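Notes follow once the structure below has been shown.
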Amino acid sequence: MSKNNLIKVTIMDQEYTVNTTASPEYIKKLSNFLNDKMSEIKESGIEKDSQLRIAVLAAMNIADELYQIKDKNLNTINKIEDKAKLLLSKISNELNKNQ
2 MSKNNLIKVT
12 IMDQEYTVNT
22 TASPEYIKKL
32 SNFLNDKMSE
42 IKESGIEKDS
52 QLRIAVLAAM
62 NIADELYQIK
72 DKNLNTINKI
82 EDKAKLLLSK
92 ISNELNKNQ
C-alpha cells in the first residue's frame with residue numbers, strides 16, 4: 002500500500018498542502034503546469050483581479066486539452082482495432098483456403 006505524502010506547492014503566490022500517494026516530483030510538475038496556465042491567463046489581461054476566475058479559465062483550458070487528447074487517442078484506438086480486424090479476417094481467409 003502506498004504511503005501518503007504531504008507536499009507543499011505554490012500556485013499563484015499561494016501555498017497549498019497536497020495529501021497524496023503520488024511522488025513529490027510529480028506533484029511539483031503538476032503544480033508548475035497549473036501555475037504556468039494560470040499565469041498565462043493572468044498576463045493576457047483577462048480578469049486581473051480575480052484568482053477564482055483565473056483558476057476556472059485555466060481549468061477550462063486544461064479540460065479542453067485533455068478532451069482533445071482523449072478524442073485523438075480514441076480515434077487512434079479505433080483505427081488500430083479496424084486494422085486488426087482486417088488482418089484477422091485476411092489471416093482467417095488464407096487459413097481457410099489452405100484447408
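Note that the working numbering has the sequence shown beginning at 2, numbered continuously upward.
Idealized CB from N, CA, C, for every residue including glycine.
Only a predicted model underlies this, so the values are computations on that prediction, with no experimental measurement involved.
{"Check": "In three-state DSSP terms, what is K86?", "Outcome": "helix"}
{"Check": "If you check the beta carbons only, do I42 and A64 fall under 9 Å apart?", "Outcome": "no"}
{"Check": "On the DSSP bridge list, what partners appear for V57?", "Outcome": "Answer by DSSP bridge pairing: none, since V57 is not bridged."}
{"Check": "Starting from Y17, follow its DSSP beta bridges and name the residues at the other end.", "Outcome": "V10"}
{"Check": "What whole-angstrom Cβ distance do T21 and N6 have, given they're in contact under 8 Å?", "Outcome": "6 Å"}
{"Check": "Report back the beta-carbon spacing between P25 and I12 to the nearest angstrom; my notes put them in contact at under 8 Å.", "Outcome": "Their Cβ separation, rounded to whole angstroms, is 15 Å, which puts P25 and I12 out of contact at 8 Å."}
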